[in-house]
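See structure below.
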Amino acid sequence: GENVEQHPSTLSVQEGDSAVIKCTYSDSASNYFPWYKQELGKGPQLIIDIRSNVGEKKDQRIAVTLNKTAKHFSLHITETQPEDSAVYFCAASSRGSTLGRLYFGRGTQLTVWP
Amino acid sequence: NAGVTQTPKFRVLKTGQSMTLLCAQDMNHEYMYWYRQDPGMGLRLIHYSVGEGTTAKGEVPDGYNVSRLKKQNFLLGLESAAPSQTSVYFCASSYGTSGYEQFFGPGTRLTVL
Numbered sequence: 001g002e003n004v005e006q007h008p009s010t011l012s013v014q015e016g017d018s019a020v021i022k023c024t025y026s027d028s029a030s031n032y033f034p035w036y037k038q039e040l041g042k043g044p045q046l047i048i049d050i051r052s053n054v055g056e057k058k059d060q061r062i063a064v065t066l067n068k069t070a071k072h073f074s075l076h077i078t079e080t081q082p083e084d085s086a087v088y089f090c091a092a093s094s095r096g097s098t099l100g101r102l103y104f105g106r107g108t109q110l111t112v113w114p
Numbered sequence: 001n002a003g004v005t006q007t008p009k010f011r012v013l014k015t016g017q018s019m020t021l022l023c024a025q026d027m028n029h030e031y032m033y034w035y036r037q038d039p040g041m042g043l044r045l046i047h048y049s050v051g052e053g054t055t056a057k058g059e060v061p062d063g064y065n066v067s068r069l070k071k072q073n074f075l076l077g078l079e080s081a082a083p084s085q086t087s088v089y090f091c092a093s094s095y096g097t098s099g100y101e102q103f104f105g106p107g108t109r110l111t112v113l
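Protein sequences appear in the order of chains A and B. Residue numbering for the first sequence follows the numbering used here, starting at 1 and increasing by one per position. Residue numbering for the second sequence follows the numbering used here, starting at 1 and increasing by one per position.
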């Protein structure tokens, strides 16, 4: 099955700085890559996703890039704010699998210091 | 819309006891999932359902059973709880398979003593 690795496991940045989280995947058939944000005591919530026919997608301060050849994708958060502090999960999914199930990375704890 | 709700929010069990976690969604989604979240392990799929009356095993199904008698509900059962099942359990639902957003519930924190 798919194996998704995520780095770093923890990330601390000063307010206003940028944050980058990187993920790699193993299954070349994977074609959907969502990012979830989990705030303390809550369930994960989708913040952005990208499909394999696109190399980059942006939504205000958040962007995701995908390199299919290298099998890695990254989340970029610019002008970070304290409310960006949370655990971020990357995931990968393959249309070829029975369920199209999501394979999650182990998460990155982002802390934004004011 | 309430989205995805989970009952209970917290529970403490003794080893060997049984319990059922209830997940309900009001979005008319076909697909429902149960995950467990452990520190440093991300989210691991326990069981899932692709429609009413269907269930299937995920990545870590041992010690758990599920039922989907109604489209809006997905139940996760622990027949004989073990300390290794101490975790936070999340239910999710989605309209379709790959490429569709999964909506997560708020989670159930279970401690097995």
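No residue lacks a Cβ here, since even glycine has one placed at the ideal position from N, Cα and C. Keep in mind the model is a prediction, meaning the values are calculated, not measured.
CB-CB length for residue i against residue j, believed under 8 Å
{"i": "residue 86 of chain A", "j": "residue 110 of chain A", "result": "6 Å"}
{"i": "residue 75 of chain B", "j": "residue 13 of chain B", "result": "Not confirmed; about 16 Å, so no contact."}
{"i": "residue 80 of chain B", "j": "residue 16 of chain B", "result": "5 Å"}
{"i": "residue 90 of chain A", "j": "residue 38 of chain A", "result": "12 Å between Cβ atoms; not a contact."}
{"i": "residue 74 of chain A", "j": "residue 65 of chain A", "result": "5 Å"}
{"i": "residue 105 of chain B", "j": "residue 4 of chain B", "result": "4 Å"}
{"i": "residue 82 of chain B", "j": "residue 63 of chain B", "result": "6 Å"}
Classification of residue i by the beta-carbon crowding that lies within 10 angstroms, buried from 16 upward
{"i": "residue 113 of chain B", "result": "exposed"}
{"i": "residue 32 of chain B", "result": "buried"}
{"i": "residue 10 of chain B", "result": "exposed"}
{"i": "residue 113 of chain A", "result": "exposed"}
{"i": "residue 49 of chain A", "result": "buried"}
{"i": "residue 107 of chain B", "result": "buried"}
{"i": "residue 102 of chain A", "result": "buried"}
{"i": "residue 3 of chain A", "result": "exposed"}
{"i": "residue 81 of chain A", "result": "exposed"}
{"i": "residue 18 of chain B", "result": "exposed"}
{"i": "residue 110 of chain B", "result": "buried"}
{"i": "residue 45 of chain B", "result": "buried"}
{"i": "residue 18 of chain A", "result": "exposed"}
{"i": "residue 1 of chain B", "result": "exposed"}
{"i": "residue 105 of chain A", "result": "buried"}
{"i": "residue 98 of chain B", "result": "buried"}
Alpha carbon of residue i to alpha carbon of residue j, nearest angstrom
{"i": "residue 49 of chain B", "j": "residue 16 of chain A", "result": "42 Å"}
{"i": "residue 25 of chain A", "j": "residue 72 of chain A", "result": "6 Å"}
{"i": "residue 26 of chain B", "j": "residue 93 of chain B", "result": "10 Å"}
{"i": "residue 54 of chain A", "j": "residue 108 of chain A", "result": "24 Å"}
{"i": "residue 65 of chain B", "j": "residue 61 of chain A", "result": "42 Å"}
{"i": "residue 43 of chain A", "j": "residue 70 of chain A", "result": "30 Å"}
{"i": "residue 20 of chain A", "j": "residue 53 of chain B", "result": "42 Å"}
{"i": "residue 100 of chain B", "j": "residue 7 of chain B", "result": "25 Å"}
{"i": "residue 76 of chain A", "j": "residue 41 of chain A", "result": "24 Å"}
{"i": "residue 43 of chain B", "j": "residue 83 of chain A", "result": "23 Å"}
{"i": "residue 51 of chain B", "j": "residue 30 of chain B", "result": "5 Å"}
{"i": "residue 23 of chain B", "j": "residue 78 of chain A", "result": "36 Å"}
{"i": "residue 63 of chain A", "j": "residue 94 of chain A", "result": "21 Å"}
{"i": "residue 95 of chain B", "j": "residue 46 of chain A", "result": "14 Å"}
{"i": "residue 58 of chain A", "j": "residue 35 of chain A", "result": "12 Å"}
{"i": "residue 61 of chain B", "j": "residue 31 of chain A", "result": "26 Å"}
{"i": "residue 91 of chain B", "j": "residue 33 of chain A", "result": "20 Å"}
{"i": "residue 23 of chain A", "j": "residue 28 of chain B", "result": "32 Å"}
{"i": "residue 129 of chain A", "j": "residue 102 of chain B", "result": "This structure leaves residue 129 of chain A out entirely; chain A is present only between 1 and 114."}
{"i": "residue 27 of chain A", "j": "residue 73 of chain B", "result": "32 Å"}
{"i": "residue 68 of chain A", "j": "residue 47 of chain B", "result": "29 Å"}
{"i": "residue 55 of chain B", "j": "residue 1 of chain A", "result": "20 Å"}
Cβ-heavy atom distance, residue i to the ligand ZN, below 7 Å
{"i": "residue 53 of chain A", "result": "The ligand ZN is not among the ligands present in this structure, which contains no ligands whatsoever."}
Task: Any beta strand (DSSP E) of 3 or more consecutive residues that is wholly inside the segment 55-84 of chain B - done: 64-67, 73-78
TODO: Please determine if the segment 4-22 of chain A and the segment 66-80 of chain B are in contact, where contact requires at least 3 C-beta pairs separated by less than 8 Å.
DONE: no
Open item on the list: Quick check on the DSSP output: what are the complete beta strand (DSSP E) runs of length 3 or more inside the segment 7-52 of chain A, in order along the chain?
Closed with: 10-14, 19-25, 30-38, 45-51
Open item on the list: Please give the ranges of any beta strand (DSSP E) in the segment 56-100 of chain A, keeping only runs that are unbroken, at least 3 residues long and fully inside the region.
Closed with: 56-59, 62-67, 72-77, 86-94
Open item on the list: Does the segment 78-89 of chain B come into contact with the segment 35-52 of chain B, if we say contact requires no fewer than three beta-carbon pairs (one atom in each stretch) closer than 8 Å?
Closed with: yes
Open item on the list: To be precise: take each residue of the segment 40-54 of chain B, compare its Cβ to all Cβ atoms of chain E, and keep it if any distance is under 9 Å. Which residues remain?
Closed with: The question asks about chain E, but that chain is absent: this structure's protein chains are A and B.
TODO: Can you check the segment 8-48 of chain B for any beta strand (DSSP E) of at least 3 residues that lies completely inside it and give the ranges in chain order?
DONE: 10-13, 19-25, 31-38
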